[in-house]
Amino acid sequence: MFESLKMGDKGKIIDISRVGKLVQRRLLDLGITEGSEVCVKCVMPFGGPVMIESCGQCVGIRRKEAVQIEVVRL
Amino acid sequence: MEIALIGNPNTGKTSLFNNLTGSYAYVGNWSGVTVEKKVGVFKNNIGQLIDLPGVYTLNPLSKDEGVVTSYFLNEAVDRLLNILDASQLERNLHLTLQLLEFEKPALIGLNMIDVANKRGIQIDASKLSKILGVPVVPVVARNGKGCDKLVDVIATKSIQPANKNLVCYGQAVESAIAAITGEMTAKTNHSTRFLAIQYIEGNEYVRNYVNHIADQQKLTSILEELESQLLNQYDTKSLANFIYTKRKEVIEKIVAEVARKGDATIPLSEKIDSIVTNRYLGLPIFLLLMYFMFMLTFDWLGTPLSDALDGLLTGPVTSGIESALGAIHASAFIHALILEGLVAGVGGVLVFVPQIFILFFFISLLEDSGYMARVALVMDRIMESVGLNGKAFIPMIIGFGCNVPGIMAARTIETPRERLLTVLLTPLMSCSARLPVYALFVGAFFAGHKAFIVLSLYVLGIVMVLILAKIFSSTVLKSETSLFVIELPPYRLPQFQSLWRSTWDKGKGFVRKAGTFIFAGSVIIWLLSYAGPGGLEVDMDDSFLAAIGNVIAPIFAPIGFGTWQAAASLITGFLAKEAIISTMNIIYFVPNDASLQALLADFYTPLSAYSFMVFILLYIPCLATVATIYKETNSKKWTAFSMIYAFVIAYVLALIIYQGGRLIGLV
Numbered sequence: 003m004f005e006s007l008k009m010g011d012k013g014k015i016i017d018i019s020r021v022g023k024l025v026q027r028r029l030l031d032l033g034i035t036e037g038s039e040v041c042v043k044c045v046m047p048f049g050g051p052v053m054i055e056s057c058g059q060c061v062g063i064r065r066k067e068a069v070q071i072e073v074v075r076l
Numbered sequence: 094m095e096i097a098l099i100g101n102p103n104t105g106k107t108s109l110f111n112n113l114t115g116s117y118a119y120v121g122n123w124s125g126v127t128v129e130k131k132v133g134v135f136k137n138n139i140g141q142l143i144d145l146p147g148v149y150t151l152n153p154l155s156k157d158e159g160v161v162t163s164y165f166l167n168e169a170v171d172r173l174l175n176i177l178d179a180s181q182l183e184r185n186l187h188l189t190l191q192l193l194e195f196e197k198p199a200l201i202g203l204n205m206i207d208v209a210n211k212r213g214i215q216i217d218a219s220k221l222s223k224i225l226g227v228p229v230v231p232v233v234a235r236n237g238k239g240c241d242k243l244v245d246v247i248a249t250k251s252i253q254p255a256n257k258n259l260v261c262y263g264q265a266v267e268s269a270i271a272a273i274t275g276e277m278t279a280k281t282n283h284s285t286r287f288l289a290i291q292y293i294e295g296n297e298y299v300r301n302y303v304n305h306i307a308d309q310q311k312l313t314s315i316l317e318e319l320e321s322q323l324l325n326q327y328d329t330k331s332l333a334n335f336i337y338t339k340r341k342e343v344i345e346k347i348v349a350e351v352a353r354k355g356d357a358t359i360p361l362s363e364k365i366d367s368i369v370t371n372r373y374l375g376l377p378i379f380l381l382l383m384y385f386m387f388m389l390t391f392d393w394l395g396t397p398l399s400d401a402l403d404g405l406l407t408g409p410v411t412s413g414i415e416s417a418l419g420a421i422h423a424s425a426f427i428h429a430l431i432l433e434g435l436v437a438g439v440g441g442v443l444v445f446v447p448q449i450f451i452l453f454f455f456i457s458l459l460e461d462s463g464y465m466a467r468v469a470l471v472m473d474r475i476m477e478s479v480g481l482n483g484k485a486f487i488p489m490i491i492g493f494g495c496n497v498p499g500i501m502a503a504r505t506i507e508t509p510r511e512r513l514l515t516v517l518l519t520p521l522m523s524c525s526a527r528l529p530v531y532a533l534f535v536g537a538f539f540a541g542h543k544a545f546i547v548l549s550l551y552v553l554g555i556v557m558v559l560i561l562a563k564i565f566s567s568t569v570l571k572s573e574t575s576l577f578v579i580e581l582p583p584y585r586l587p588q589f590q591s592l593w594r595s596t597w598d599k600g601k602g603f604v605r606k607a608g609t610f611i612f613a614g615s616v617i618i619w620l621l622s623y624a625g626p627g628g629l630e631v632d633m634d635d636s637f638l639a640a641i642g643n644v645i646a647p648i649f650a651p652i653g654f655g656t657w658q659a660a661a662s663l664i665t666g667f668l669a670k671e672a673i674i675s676t677m678n679i680i681y682f683v684p685n686d687a688s689l690q691a692l693l694a695d696f697y698t699p700l701s702a703y704s705f706m707v708f709i710l711l712y713i714p715c716l717a718t719v720a721t722i723y724k725e726t727n728s729k730k731w732t733a734f735s736m737i738y739a740f741v742i743a744y745v746l747a748l749i750i751y752q753g754g755r756l757i758g759l760v
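Protein sequences, first through last, are from chains H and C.
Residue 34 in the working numbering is what sits at position 32 of the first sequence, and the numbering runs on without skipping anything.
Residue 372 in the working numbering is what sits at position 279 of the second sequence, and the numbering runs on without skipping anything.
What follows is the structure, given as structure tokens:
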């Protein structure tokens, strides 16, 4: 669960299939899919989006999608 | 020769375009600044370069990305120039592999090697060229390094891809590809392998195209068979995913051969990000920046410059024209037409050029530096609560400059509902053409609080957007789907040259409009005010213009400005918002701006002036904007809706402000 990660934590995605189809596709375009290593860079307040980093690029996604991504802490 | 420039978003495509063509295209750093097809001519005249929107793949999600796919399918392209971001080679190569499957002559510009080197990545360009079978030229698009070599290669080498079928998609897919291509033989000029792969991947544009030329039922059955076979045989979620994985395997092999990774230094970008997208500081920093931008535009820098320009126009320029007219013995009619019509009308708009250029400079700075995408991230929570997403905020900020590019920038929003909502609401953003009206009125009535009053109007526009977005998204535009994934490009120090280019590119439209539209409009308005039912040279109150204005003036009486002068200027304001100022300058003809402000005090009170400004802010988008809304929505219904709701909101709000203000004793 993404929730278990705090700012600065690193994790590896093991399951992304519960995320919405469109978001999944867009993340795939950006090279973020099962097996990708991600790092939580920033979490905006009041349930706002999170900023994650993967392979040197930063991507913003919504909190409710982020919590659907299954990750294991590295 | 036509060469198409294609690459991922934020790879420096537009910078490269500018360097190769020397033309004044727009440079941006936010994913999706290139929203229109732009064509430039190469500096050495070898052909035309077409700038396509940035895409990650040829299988589109948004309308913006669809532009690329339909360009590939429907237009003749001679050569492809693919630009790659060397620091993100893996992701960029997915597009490259698809382009090579298209089997057109291609070459690669390997950009941002400097960034890659800083992050400890070394890339062997000649090895990459050998593997891909096309020339690879390292370039630094930002400063033009390597661009000459790139042009040489484009011009001279025969660059038909040497290696075919770089990716083998496995036995099952390959036999389906063979079956599909068999159905299409001799029916198309495009590479049938390319079409077949995109068809299997689920590219809607290609599916439409292929279904037109081949037997739809046969193709569908091939596809279904393949799908069931693959899902049974392999652990894969969909055909698209399977194809992606196959490409990825090939890319991993390529990258392992050409790239060497060493030690990386922590980029400055991440340090800045920890501040500007900070949990709590993000929003205050953004508001502070906006405040700073407005103070500079209206108070600290813009106003002194405008005043100086005004002094020049009303002083030396007017007296120069006067003496020139005297020297050629011009008739009184010509004399009045030029001085009271043209100089007042066009000059009244031109004095705001400095302020508008300062505003455009800041918008360009936000785009080029990479901050714009952060703003979208910071604003997403608020936008989501009203049924929009953070990306919708970018068209709105661009709308501060001019609503037309703002509305076009909404193309990068993936879901149709959110896009339509953004298109409908962007006109409420106070564009630069409305600025002269505010500048004139705050100068006359709110001299002590200029920037504050103007900022209040901008904020009012944003607040109205949020309220209306909430109302529309819970009534007429209901839907659950929303998509927000945004790439945050690294910060880049904007280069003065490209900043100046994009400022000029945006600002020149305003100057050109003053020379054409406003020029002609001023002549017509002056003639209407000069002639009347009683003949020429009538008193202004008996002119045709007064007669027209008087017809609709009573409508505006309850909101504080039921004069024919206000009504007439609002009509011309539909053509272009800055025409309001031209019209007023002609109607209340006075030799210089300062006394126009004094004269306005006879017709408006501070309260009715504020009500007037609010009305100007919100009422009917200008003609060019309405035309763009129609083009983008392709619906007469929504275009009419955008005009009507704006007028109603403007009237209601002005009524509340004027009558409410009077009730609590304001004047």
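Note that beta-carbon positions come from the ideal geometry of N, C-alpha and C, so glycine has one too.
Inset, instruction - To the nearest angstrom, report how far apart residue 698(C) and residue 490(C) are at their CA atoms. - result: The count along the second sequence starts at 1 and reaches residue 698(C) at position 605. The count along the second sequence starts at 1 and reaches residue 490(C) at position 397. Computed Cα separation, rounded: 31 Å.
Inset, instruction - Enumerate in chain order the residues of its own chain whose CB-to-CB distance from residue 537(C) is below 6 Å, with the five nearest sequence positions on each side excluded. - result: Counted from its first residue, the second sequence places residue 537(C) at position 444. Excluding sequence positions up to five before and after residue 537(C), its CB lies within less than 6 Å of the CB of 690 and 693, all in the same chain and listed in chain order.
Inset, instruction - Grab the span of the beta strand (DSSP E) containing residue 97(C) for me, first residue to last. - result: The residue you call residue 97(C) lines up with position 4 of the second sequence. For residue 97(C), the enclosing beta strand (DSSP E) has its first and last residue at 95-100.
Legend entry - Local Cβ density within 10 Å of residue 657(C), reported as buried at 16 or more and exposed below that: Here residue 657(C) refers to the residue found at position 564 when the second sequence is read from its first residue. When all chains shown are included, residue 657(C) counts as buried.
Inset, instruction - Evaluate residue 524(C) with the Cβ neighbour count: other Cβ atoms within 10 Å of its Cβ, from every protein chain shown; 16 or more gives buried, anything less gives exposed. - result: As a working mapping, residue 524(C) is identified with position 431 in the second sequence. Label assigned to residue 524(C): buried.
Inset, instruction - Could you check the C-alpha separation between residue 371(C) and residue 485(C) for me, to the nearest Å? - result: Counting from 1 along the second sequence, the entry for residue 371(C) is found at position 278. Counting from 1 along the second sequence, the entry for residue 485(C) is found at position 392. C-alpha separation (whole angstroms): 21 Å.
Inset, instruction - For residue 38(H), go through chain C and note every residue whose CB falls closer than 7 Å to its CB, in chain order. - result: For the purposes of this step, residue 38(H) is taken as the residue at position 36 of the first sequence. Here the premise fails: no neighbours, minimum Cβ distance about 11 Å.
Inset, instruction - Give me the Cα-Cα distance between residue 534(C) and residue 728(C), rounded to the nearest whole angstrom. - result: Along the second sequence, one-based indexing puts residue 534(C) at 441. Along the second sequence, one-based indexing puts residue 728(C) at 635. Going by the C-alpha atoms only, they are around 36 Å apart.
Legend entry - Cutoff 6 Å; reference residue 278(C); Cβ partners in own chain excluding five residues on either side: Here residue 278(C) refers to the residue found at position 185 when the second sequence is read from its first residue. Excluding sequence neighbours, residue 278(C) sits near nothing in its chain.
Legend entry - Within-9 Å CB hit, residue 184(C) to chain H: On the second sequence, position 91 is the one that residue 184(C) refers to. Interface with chain H (9 Å Cβ-Cβ cutoff): residue 184(C) is included.
Legend entry - alpha helix (DSSP H) runs contained entirely in the segment 308-368 of chain C, provided each spans 4 or more residues: Qualifying alpha helix (DSSP H) stretches, in chain order: 309-326 and 332-351.
Legend entry - Straight-line Cα distance separating residue 532(C) from residue 599(C): Looking up residue 599(C) in the second sequence gives position 506. Looking up residue 532(C) in the second sequence gives position 439. Put simply, the backbone Cα of residue 599(C) is about 20 Å away from that of residue 532(C).
Legend entry - Residue closest to residue 719(C), alpha-carbon to alpha-carbon, out of 140(C), 734(C), 709(C) and 674(C): Translated into the one-based positions of the second sequence, residue 719(C) becomes position 626. With distances taken between CA atoms, residue 719(C) lies nearest to 734(C) out of 140(C), 734(C), 709(C) and 674(C).
Inset, instruction - Give the DSSP bridge partners of residue 41(H), in chain order. - result: As a position in the first sequence, residue 41(H) is number 39, starting the count at 1. In the DSSP output, where bridge partners are listed per residue, residue 41(H) has 12(H) and 55(H).
Legend entry - Opposing strand residues paired with residue 70(H) [DSSP bridges]: Taking the first residue of the first sequence as 1, we reach residue 70(H) at position 68. Under DSSP, no beta-bridge partner is assigned to residue 70(H).
Legend entry - is_contact[residue 27(H), chain C] using C-beta, thresh 9 Å: By 1-based counting over the first sequence, the position of residue 27(H) is 25. Yes - at least one Cβ of chain C is within 9 Å of the one on residue 27(H).
Inset, instruction - Apply the 10 Å Cβ neighbour rule to residue 422(C) and answer buried if 16 or more other Cβ atoms are within range, or exposed otherwise. - result: The count along the second sequence starts at 1 and reaches residue 422(C) at position 329. Exposed: under 16 other Cβ atoms inside 10 Å.
Legend entry - Continuous beta strand (DSSP E) stretch holding residue 279(C): start and end: Along the second sequence, one-based indexing puts residue 279(C) at 186. Taken as a continuous stretch (DSSP letters only), residue 279(C) belongs to no beta strand (DSSP E), as it is neither H nor E.
Inset, instruction - Can you tell me which of 229(C), 546(C) and 180(C) puts its alpha carbon nearest to the alpha carbon of residue 173(C)? - result: Along the second sequence, one-based indexing puts residue 173(C) at 80. When only C-alpha atoms are compared, the closest one is 229(C).
Inset, instruction - Go ahead and pull the three-state DSSP assignment for residue 742(C). - result: Taking the second sequence and counting its residues from 1, one reaches residue 742(C) at position 649. When secondary structure is reduced to three states using DSSP, residue 742(C) falls in the helix class.
Inset, instruction - Determine the direct distance from the alpha carbon of residue 342(C) to that of residue 570(C), and round the result to whole angstroms. - result: Translated into positions along the second sequence, residue 570(C) becomes position 477. Translated into positions along the second sequence, residue 342(C) becomes position 249. Going by the C-alpha atoms only, they are around 43 Å apart.
Legend entry - Residues near residue 660(C) by beta carbon distance below 7 Å, same chain, minus five either side: Walking along the second sequence from the start, residue 660(C) turns up at place 567. Excluding residues within five positions, the ones whose Cβ falls inside 7 Å are 642, 645, 646 and 649.
Legend entry - Environment of residue 393(C) [buried if 16+ CB atoms lie within 10 Å]: On the second sequence, residue 393(C) is found 300 positions in, with the first residue counted as 1. Residue 393(C) should be labelled exposed.
Inset, instruction - Pull out every residue of the segment 577-598 of chain C whose Cβ sits closer than 9 Å to any Cβ of chain H, in chain order. - result: Under the 9 Å Cβ criterion, the segment 577-598 of chain C contributes 577, 578, 579, 580, 581, 582 and 583.
Inset, instruction - In angstroms with no decimal places, state the Cα-to-Cα distance between residue 324(C) and residue 273(C). - result: The sequence position of residue 324(C) within the second sequence is 231, counting from 1. The sequence position of residue 273(C) within the second sequence is 180, counting from 1. So the two alpha carbons sit approximately 19 Å from each other.
Inset, instruction - Using beta-carbon positions only, say whether residue 455(C) and residue 390(C) come within less than 9 Å of one another. - result: One-based indexing of the second sequence puts residue 455(C) at position 362. One-based indexing of the second sequence puts residue 390(C) at position 297. Between residue 455(C) and residue 390(C), the C-beta gap is smaller than 9 Å, which places the two residues in contact.
Inset, instruction - For residue 20(H), decide whether its Cβ has a neighbour in chain C, counting only Cβ atoms nearer than 9 Å. - result: Sequence index remark: in the first sequence, residue 20(H) carries index 18 (1-based). Chain C, which has no Cβ nearer than 9 Å to the Cβ of residue 20(H), makes this no.
Legend entry - Interfacial residues, the segment 160-182 of chain C to chain B, with Cβ spacing under 8 Å: Although the question refers to chain B, the structure presented lacks it and instead comprises the protein chains H and C.
Inset, instruction - Just the chain C side, please: which residues come within less than 7 Å of residue 31(H) by C-beta, in chain order? - result: Position 29 of the first sequence, counting from 1, holds the residue named residue 31(H). Neighbours of residue 31(H) on chain C, chain order: 149 and 150.
Legend entry - Separation of residue 559(C) from residue 757(C), as counted between CA atoms: Within the second sequence, numbered from 1, the residue matching residue 757(C) stands at position 664. Within the second sequence, numbered from 1, the residue matching residue 559(C) stands at position 466. Between the C-alpha atoms of residue 757(C) and residue 559(C) there is a straight-line separation of about 27 Å.
Legend entry - Segment contact flag, the segment 177-191 of chain C with the segment 129-145 of chain C, C-beta cutoff 8 Å, min 3 pairs: With a cut-off of 8 Å, the segment 129-145 of chain C and the segment 177-191 of chain C do not count as touching, because too few Cβ pairs lie within range.
Inset, instruction - Spell out whether any CB of chain C is found under 9 Å from the CB atom of residue 72(H). - result: Along the first sequence, read from residue 1 onward, the residue named residue 72(H) stands at position 70. False, the Cβ-Cβ gap to chain C never drops below 9 Å.
Inset, instruction - Label residue 236(C) either buried or exposed according to how many other C-beta atoms from any shown protein chain fall within 10 Å of its C-beta, with 16 as the threshold for buried. - result: Working through the second sequence from its first residue, we reach residue 236(C) at position 143. Residue 236(C) should be labelled exposed.
Inset, instruction - Can you pull the chain C residues whose beta carbon is under 9 Å from the beta carbon of residue 61(H), in chain order? - result: Within the first sequence, residue 61(H) is the residue found at index 59, counting from 1. Neighbours of residue 61(H) in chain C, taken as residues at a C-beta separation under 9 Å, are given in chain order as 578, 579, 580 and 581.
Legend entry - DSSP state of residue 118(C) mapped onto helix, strand, coil: Looking up residue 118(C) in the second sequence gives position 25. Caution applies to residue 118(C), whose pLDDT of 48 falls short of 50 and renders its modelled position unreliable; the value that the coordinates give is listed next. In this structure, residue 118(C) counts as coil in the three-state DSSP scheme.
Inset, instruction - List the residues of chain C whose Cβ lies closer than 8 Å to the Cβ of residue 24(H), in chain order. - result: Locating residue 24(H) in the first sequence gives position 22, counting from the first residue. Here the neighbours are 154, 507, 508, 574 and 576.
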